[in-house]
Structures are given as structure tokens and as C-alpha cells.
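Q:
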Amino acid sequence: MKAEMGFLENRVKETLDKTELGSAITGYHLEEGQDDDGTEFLRVVFELANNVPIEDEKLETFAETIEDTLSEIDERFASVRFSEAA
Amino acid sequence: MSNYDVELLDAARRLLSRRSGQRGKLPSARIRRSISTSYYAIFHFLLEEAGDRLIGTHNDLRRRRRILARTFTHTGMKMAMDKVRGVNVDSSVEEFMRWPNAPSGSLPTPSFAQDIAKAFADAQAKRHDADYDLNKALSSTDARLTRLRVKRAIAGWRNATSDSDRDFKKSLCILMLLRGHLRKEL
């Protein structure tokens with residue numbers, strides 16, 4: 001089952017709002033991806049603020065929460081990434 | 087080739103290391119190579135596990151294990167891992183994966199298997215972009231977290247040693263060989 005991108009974005013926002021990472025993340029976006037074998041997945045990209053230090057363990061936990069949340073509503077694997085400010 | 091995964095994870099770490107006083111962003115090539123190397127760490131770890139569990143660990147069997155390893159594919163392993171990525175084992179393979187005498191009904195996925203399946207999917211998706219799509223940005227944070235996750239998942243697998251854990255691992259290795267699919271009548 002696949003969910004609408006807007007619905008997925010709302011779930012990401014809800015999950016983000018419940019975490020302590022608010023000030024460390026300045027934005028996010030979702031996009032559809034495809035492996036070379038045709039397997040579809042989702043890229044979920046969070047933009048990290050460059051002046052808010054955050055431990056890797058917190059980011060790991062957050063990424064896995066996003067994965068689990070989206071896996072309940074979409075069969076595509078949610079690949080969570082963190083982009084760093086220039 | 088024992089502990090090849092450890093060597094690869096060490097290489098992935100060194101690609102992300104900075105010299106004393108070095109600042110600024112790491113070169114993209116090092117980030118991408120690190121992600122790809124972490125993926126190959128988990129890929130080769132699973133190949134070695136399959137060889138050990140399906141062929142045997144004796145030194146004399148090394149050549150046979152390596153021949154077997156050549157039959158696995160990235161896609162087939164992902165399809166097998168996808169069957170154990172959820173809280174419960176996918177219904178299409180649950181009877182095959184069930185420990186003898188375990189209760190019927192939904193089969194919970196052991197946490198070590200779920201963790202390695204998620205780490206595999208994560209590393210493979212990122213490795214695809216790292217190796218083939220330079221338009222997709224990947225950060226040093228992505229590379230660091232991918233390596234940490236792969237390392238933890240492998241450690242979790244190694245620490246799962248009960249009889250039922252070992253049985254599940256062997257069944258999963260067979261499923262990887264079968265590219266995640268059983269015939270319907272099974």
C-alpha cells in the first residue's frame with residue numbers, strides 16, 4: 001500500500017513536533033526514489049541547523065521513529081537522511 | 087576473510103576521520119565511499135553468515151562457501167530481509183520461519199533480525215544514491231549514522247545465540263538464497 005505524499009508529510013511533521021529536535025531541524029522534504037532494480041523507496045530529508053549540536057544517538061532514534069511511523073502507512077522503505085547547512 | 091565486515095567498517099570510519107585542526111565539510115567522495123563501504127560491510131557479513139550456517143565453518147569448506155556466496159544477489163537479499171523487517175514476519179514465509187513447536191498465528195520477528203533487516207534496507211537505499219546518483223546529497227552525518235547502525239545491527243545478530251535465534255538465522259539465510267520467495271505450496 002502506498003500513501004499520498006501529502007499524508008506522509010503530515011505524519012512526518014506530527015512526529016517531528018513530538019520530539020525534542022525542533023530547533024535542530026530547520027526543514028524537511030520527502031521524495032520518491034527507485035533502486036536500480038526498480039524497488040521504490042522514500043527519501044525523507046531533514047535539514048540540520050548548523051549551530052545546534054545534537055548527539056548521533058538522538059538522530060538515530062529519531063530516524064528510526066520516522067521509519068516505523070511511515071512503515072505503518074506505506075510499504076515503501078523510508079530512507080531518512082540529514083542534510084547539513086552550507 | 088573472517089571479520090571482513092570489521093575491516094570494512096573500520097575503512098568506513100577512516101574515510102570520515104579528520105586530521106587534527108581540519109575543519110569544514112568533508113569531500114563528497116569520502117562521504118559516498120564511506121556509505122558504500124558500510125553497506126558492503128553488512129552485505130558481506132550476511133554472505134559469511136549464510137556460508138557458515140548453510141555449508142559449515144570448517145576451513146576445508148572455504149572454497150564451497152565462496153562459491154555459494156557468488157549466488158546471492160543484492161536484490162534477492164533485500165527481498166528476503168523485507169520479509170522480516172516488520173514487527174511480525176511476513177505471512178508469506180511465516181510457516182517456513184517458525185521455530186518447531188512455536189505457537190501458530192502471527193510470528194513476531196526477533197529484534198536482532200528486525201534490526202539487521204532495517205539496517206540493510208537503510209544502507210542499501212543510501213548506497214544506491216552514494217554510488218549512482220550524484221544529484222542526491224548525502225552528508226557526513228548520513229555516513230556516520232549508517233556506519234553506526236550497521237555496526238550495531240551486526241553486533242545484535244552476533245549476540246543472539248539461543249537455539250531459536252540460531253534456527254531463525256539459518257532459515258533467514260535460506261530465504262536470502264531463495265531471494266525472499268517460497269513456492270506457494272510451502
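Protein chains in written order, with this note's numbering: chain A, 1 to 86; chain B, 87 to 272. Ideal Cβ placement from N, Cα and C applies to all residues, glycine included. Bear in mind the structure is a predicted one, so any value in this text is a computation, not a measurement.
(1) Measuring alpha carbon to alpha carbon, tell me which residue in B:110, B:254, B:238 is nearest residue 91 of chain B.
(2) For a contact meaning CB atoms closer than 7 Å, what does residue 60 of chain A contact in chain B?
(3) If you run the structure through DSSP and keep just helix, strand and coil, what is residue 83 of chain A?
(4) Kindly indicate which residue of A:49, A:42, A:20, A:50 has the alpha-carbon position closest to the one of residue 88 of chain A.
(5) Can you give the Cα-Cα distance for residue 177 of chain B and residue 1 of chain A, rounded to whole angstroms?
(6) When the Cα atoms are used, what is the spatial distance from residue 282 of chain B to residue 28 of chain A?
(7) Within the 9 Å Cβ cut-off, does residue 52 of chain A reach chain B?
(8) Which residues, in order along the region 202 to 221 of chain B, keep a beta-carbon less than 7 Å from a beta-carbon of chain A?
(9) Given a cut-off of 9 Å, decide if residue 256 of chain B and residue 139 of chain B are closer than it, judged by their beta-carbon atoms.
(10) Closer than 7 Å by beta-carbon distance: list the chain A residues that pair up with residue 223 of chain B, in chain order.
(11) Provide the residue span of the alpha helix (DSSP H) that contains residue 260 of chain B, from first to last.
(12) Among all the DSSP beta bridges, which residues are the ones paired with residue 25 of chain A?
(13) On the DSSP bridge assignment, give the partners of residue 43 of chain A in chain order.
(14) By a C-beta neighbour count over all protein chains shown, 10 Å radius and 16 as the cutoff for buried, is residue 66 of chain A buried or exposed?
(15) In chain order, what are the residue ranges of uninterrupted alpha helix (DSSP H) at least 4 long that sit wholly in the region 123 to 165 of chain B?
(16) According to the Cβ coordinates, are residue 179 of chain B and residue 164 of chain B closer than 9 Å?
(17) Per DSSP, what are the beta-bridge partners of residue 174 of chain B in this structure?
(18) Any C-beta of chain A within less than 9 Å: which residues of the region 121 to 138 of chain B qualify?
(19) Along chain B, in chain order, which residues have C-beta atoms closer than 8 Å to that of residue 67 of chain A?
(20) Would you say residue 39 of chain A reaches chain D, if we count a Cβ-Cβ gap shorter than 9 Å as a contact?
(21) Step through the CB atoms of chain A and report whether any lies within less than 9 Å of the CB of residue 171 of chain B.
(22) Which residues in the same chain as residue 174 of chain B place their Cβ atom closer than 7 Å to its Cβ, once the five residues preceding and following it in sequence are excluded?
(23) How many whole angstroms separate the CB atoms of residue 207 of chain B and residue 77 of chain A, which I take to be in contact at a CB cut-off of 8 Å?
A: Result, derived from the coordinates:
(1) B:238
(2) 231, 234, 235
(3) strand
(4) Only positions 1 to 86 of chain A appear in this structure, which leaves residue 88 of chain A out of reach.
(5) 16 Å
(6) Here chain B covers residues 87 to 272 and nothing more, so residue 282 of chain B does not appear.
(7) no
(8) 204, 207, 208, 211, 212, 214, 218
(9) yes
(10) 83
(11) 249 to 263
(12) A:48
(13) DSSP lists A:31, A:79 as partners of residue 43 of chain A.
(14) buried
(15) 148 to 155
(16) no
(17) B:194
(18) none
(19) 204, 208
(20) The structure shown has no chain D; the protein chains it does contain are A and B.
(21) yes
(22) 192, 193, 194, 195
(23) 5 Å
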